[in-house]
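Numbering (the numbering used here), first residue to last: 33 to 797. Here's the structure we're looking at; comments come further down.
Put into structure tokens, the structure is as follows:
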């Protein structure tokens, strides 16, 4: 399900019918799978153009997310989607209005057909392209055209012509025109080939490279190879990614694991050359069979590599033709795996067991099944190289996935890769194989693994246990585990963060990470902030922590209030304002306290309480006199440079919003700016804060700072003096400073110095 998505092509359009509007709201903010699917079909079959278009947009967006690990729950409705999309394409293009672009109905329909169009849709797509004026329609139409042409054995002359018209229509952006040429790759007839050849004569490099790339696929390559070679030789090195693909095609795909190997006979060498650069489909088929059924190890390995790789047979032959070899490939690959590993001298670039690598990759591509169980277990037990072990583990994944009852021996062999210290480079893969293929049967193995002394094993096993379907059963174990993890994680960091978020919720805090509240009630309140169960519960939790008087609990509450990653309900302005008075009172009280000791927050150090309070003060936009006094006190006693910098940031915010500047705060900022014991960056922050002071409240301090020895401090103070009437009042001072500063392009000249120089020059013109 897709939360937060309105549509691609109807964003300004609101549905007036109550039923349709409610259905759209459900799609944008799903309450459950059944309700979502019902809403989707309500819109899809509504007979309302905009409503149907929104449903089609959701279908395509959901499908796009599934290619990045998400789930498309509407994929099951593809036949219905295709029927509705065809209906929209039979309509005239919708006109442009205030909320939608011209042809929005066609854009939604074609976009939804991008991956499901059929040969029968050729004329509809051709008609839509012929009347398209918007780039969205053209782009979606070209994508749908490519799918329809790939599904059509005879190809549609009308659709090829329509796509060709787009490719050479200068009204469209070159990206859409190149996309049109790409759609022609799937069409193998002379009409499409002529258009690709024509594109190679274009003066636009994008069209030229796209046309050339199209000539390297299928049976076109042999006839046009010399032409493509001449083109590629003339292209600049930075002609783009598509040009690089053309150059790779001209090099040809040799193999994966036999680059330096030598074939023993002219017949085998000729067959290999034919595979790399086919002269025709029949010749390509013959060459593949010659190598596959050879008695020579290298020849068989090369054939298996060409079956498996996208740049091999599939670059020239239809996928269906290549997949038809799967039974032969499986039988041959299994034979290879029953033999000993090939010696390193047979394939110097790969070293030992190149034959097993080729066979394993081919079996994985062709589809391993339950009959491969014993064979894969044998390979895993006797493998001597990491590459073979890794390839065999992925074949084991396919085998275990295909069997209803997992083979005990294979499970035990794969489990060894989790716990054997000598196989530590395979822990994560083995855990994935077991975790994703076994279901509940994997749980005892994963529980054992999270108790491992090996950090990476522990984290990856925890990641598997924290997934839906396992997390509730193992939540107590995972909570105990995660709470004990170190603050600074050196490896598997992302997985550790994912586990922590899944188990404990979102943000811990900003300045108190690694701390755990020992009081059970405060701990539960913290958990509520991290994983809110509702607005009321979150309000209560925040107040409990704020009123606790416990420095860590108070700091965590302030962090959750001020930070963008804090509790979700605070994103609403009214909810945030409801707590502001109490947050401000608490923050002011904290700033009157001594800095918290470093041991209370080891990750932040001393003064974490002041950091939390200062951020809350700044976000609230506090500007009361007592706030200025508190900042002065913090700046006087700050031992932690982070606290000092945050106080300066808060001071800048306070002065920017103030009608009058507190003299003590202005004086303190001036003292910080002139303090040579502090870092230059800190001193310039103080000057930027002074620059925000209203009127001339800070002018005297800025003038004093121009007398400092550090060039960056001088320049920052001078730049602040260029604001408003200050330039006229201090022109002589500024001119004298500029005269002493090094001339550009001298290295290390502060940007502020350049701005002052430019300001004075502009004022003189």
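For glycine and all other residues, C-beta sits at the position ideal for the given N, C-alpha and C.
Per-residue DSSP class, three states only, for residue i
i	result
residue 220	coil
residue 42	coil
residue 395	helix
residue 454	helix
residue 145	coil
residue 476	helix
residue 433	helix
residue 582	coil
residue 517	coil
residue 317	helix
residue 99	Unreliable placement is indicated for residue 99, whose pLDDT of 49 sits below 50; the coordinate value is still reported in the next sentence. Of the three classes helix, strand and coil, the one that applies to residue 99 here is coil, per DSSP.
residue 505	coil
residue 186	coil
residue 711	coil
residue 587	helix
residue 269	coil
residue 775	coil
residue 770	helix
residue 382	coil
residue 417	coil
residue 426	helix
residue 137	helix
residue 20	This structure does not reach residue 20, given that the chain is present from 33 up to 797, and the question cannot be answered.
residue 86	helix
CA-to-CA distance, residue j to residue i, given in whole angstroms
i	j	result
residue 791	residue 775	15 Å
residue 373	residue 334	15 Å
residue 67	residue 598	30 Å
residue 59	residue 38	8 Å
residue 623	residue 642	6 Å
residue 796	residue 698	31 Å
residue 502	residue 62	23 Å
residue 603	residue 595	Here residue 603 scores only 49 on pLDDT, less than 50, and its place in the model should not be relied on; the value that follows carries that caveat. Cα-Cα distance, rounded: 10 Å.
residue 362	residue 422	19 Å
residue 465	residue 442	11 Å
residue 288	residue 720	59 Å
residue 182	residue 192	12 Å
residue 611	residue 684	24 Å
residue 806	residue 747	Missing from the structure shown is residue 806; the chain here goes from 33 to 797 and no further.
residue 120	residue 282	43 Å
residue 413	residue 393	18 Å
residue 137	residue 149	16 Å
residue 667	residue 650	15 Å
residue 177	residue 291	38 Å
residue 655	residue 691	9 Å
The alpha helix (DSSP H) enclosing residue i, as first and last residue numbers
i	result
residue 625	Careful: residue 625 lies outside any alpha helix (DSSP H) and carries neither H nor E.
residue 117	110-121
residue 325	No alpha helix (DSSP H) holds residue 325; DSSP gives it neither H nor E.
residue 189	189-199
residue 647	640-652
residue 740	Here residue 740 belongs to no alpha helix (DSSP H), and DSSP marks it neither H nor E.
residue 357	From DSSP, residue 357 is part of no alpha helix (DSSP H); its letter is neither H nor E.
residue 211	206-215
residue 545	Element bounds for residue 545: n/a, residue is neither H nor E.
residue 342	Here residue 342 belongs to no alpha helix (DSSP H), and DSSP marks it neither H nor E.
residue 47	Neither: residue 47 is in no alpha helix (DSSP H) and is coded neither H nor E.
residue 562	552-562
residue 700	695-706
residue 237	237-246
residue 467	459-469
residue 409	405-414
residue 37	No alpha helix (DSSP H) holds residue 37; DSSP gives it neither H nor E.
residue 402	From DSSP, residue 402 is part of no alpha helix (DSSP H); its letter is neither H nor E.
residue 669	657-669
residue 491	487-497
residue 531	525-536
residue 791	783-796
residue 157	154-162
Near the ligand FMN: residue i beta-carbon under 7 Å from a heavy atom
i	result
residue 422	No copy of the ligand FMN occurs in the structure displayed, which carries no ligand at all.
Report task. Write down every uninterrupted run of the alpha helix (DSSP H) in the segment 293-317 whose length is 4 residues or greater and which is fully enclosed by it, in chain order. Result -> 298-308
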